[in-house]
Structures are given as structure tokens and as C-alpha cells.
Amino acid sequence: MMDRWFWALEGLIEFTIMSVRKLIDDFMLPEVSSKTRWIKAVPIKVNVHAWKVKLDGLPTRLNTSRRGIDIDSILCPMCGKAVESTSHIFFTCQMSKEILRRISRWWDIDYMEISSYEECQIPSKAMIFDDVLSHLFYWCRYRCKVSFSWTEWLKNPHLISL
């Protein structure tokens with residue numbers, strides 16, 4: 001009689017890495033309420049940063065203090081008026097808002113004030129309309145035999161014939 005090791009986790013005799021990963025995923029990883037949305041059009045470091053903002057996982061002064069690291073102050077070093085948390089840095093700090101406002105002006109885009117991460121996840125009617133409009137433009141542009149620009153199409157989309 002031969003001595004053998006058996007892996008009977010899935011009722012199979014063979015050991016597979018996938019079965020161990022499934023075991024770890026099912027029993028050891030926490031259950032999350034919402035799935036992480038990775039946007040392929042942006043760099044991975046931007047996706048990871050947004051994910052850390054969502055989970056409040058950035059090394060802010062508040063989070064550092066919660067981990068038992070002794071620091072001089074947990075107040076925001078930019079404004080000194082509130083505790084430096086992820087929410088404060090990105091949504092309520094007046095200095096951060098002013099910087100974002102100036103960057104928006106520099107890039108010639110509309111400044112949109114957002115008070116929380118959840119609020120920026122809720123699509124507004126204007127955002128949905130703009131998204132539909134841009135998809136329609138690309139659909140018409142690639143179906144049409146005549147070349148036209150975004151500004152020409154915005155001025156009068158009826159002039160463009162497919």
C-alpha cells in the first residue's frame with residue numbers, strides 16, 4: 001500500500017491552486033457591499049488612488065494616528081482648521097478646493113464642487129446627457145461619409161447626414 005496525500009476540498013483527489021484560492025476568498029476575505037470599478041482608460045495608479053480614497057485607506061494624519069503612531073498634530077497642515085482625513089483633504093479643505101478651482105480654470109473645464117466620494121459617484125442628468133451626446137457624436141462620425149468636427153456637430157447636428 002502506498003502512502004499518499006489527498007486534497008478532498010472539492011471532492012477531487014488532485015490539489016489545485018484554484019481550489020486553495022477559492023477557499024481563501026470564500027472564508028477569509030471580507031465581504032464588500034460594492035464592487036470596485038476599475039476604469040481601463042485611466043492609469044492604474046489613478047484607479048488605485050481612487051480606490052484608496054473610497055476606502056479611506058490613505059495615510060492621512062488621522063489614519064496614521066489611529067494606527068498608534070505618535071504625531072504632533074492631526075490637524076490639516078494646509079488649512080489648520082480641521083482634522084486631516086481623506087474626506088477633508090479631497091472634499092472639504094478650502095485650500096484644496098481653491099487649488100482644484102484654479103486647475104479647472106487653467107484646463108478650461110467647469111469646476112464642480114463635490115462634498116463626498118459618494119456624491120461624485122452619483123451621475124447627474126447633465127453628465128448623463130453629455131455622455132449620451134458624445135456617444136452619438138462618435139456613432140454619427142464613423143457612420144457618415146463626410147468628415148465633421150465636434151464643434152460643427154454641436155452647432156447643428158441636423159446638417160450632418162448619414
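For the sequence shown, full-length UniProt numbering puts the final residue at 162, and the numbers step up evenly by one.
Backbone N, C-alpha and C fix where the C-beta goes; we use that ideal spot for every residue, glycine too.
Rounded to the nearest whole angstrom, the C-alpha separation of Ala41 and Ala50 is 14 angstroms. Pro157 and Asp72 have their C-alpha atoms spaced approximately 60 angstroms apart. For Glu84, there is no enclosing alpha helix (DSSP H), since its DSSP letter is neither H nor E. In the displayed model, Leu133 falls within a helix according to three-state DSSP. Nearest Cα to Ser65 within the set Val83, Leu55, Ser104: Val83. Per DSSP, the beta bridge partners of Leu75 are Val83. By the Cβ criterion, the region 82-97 is in contact with the region 55-70, since at least three pairs of Cβ atoms, one from each stretch, lie closer than 8 angstroms.
In the displayed model, Asn47 falls within a helix according to three-state DSSP. With fewer than 16 other Cβ atoms from the protein chains shown falling within 10 Å of its own Cβ, Cys144 counts as exposed. Residue nearest to Ser115 within the set Ser149, Phe90, Leu100, Ile99 is Phe90 (criterion: CA-CA distance). In this structure, the straight-line span from the alpha carbon of Ser147 to that of Ile109 is close to 26 angstroms. When the Cα atoms are used, Gly80 and Glu118 turn out to be separated by approximately 25 angstroms. Between the alpha carbons of Glu152 and Ile99 lies a gap of roughly 33 angstroms. CA-CA distance, Met78 to Lys22, rounds to 45 angstroms. Look at Trp106 here: in three-state DSSP terms it is helix.
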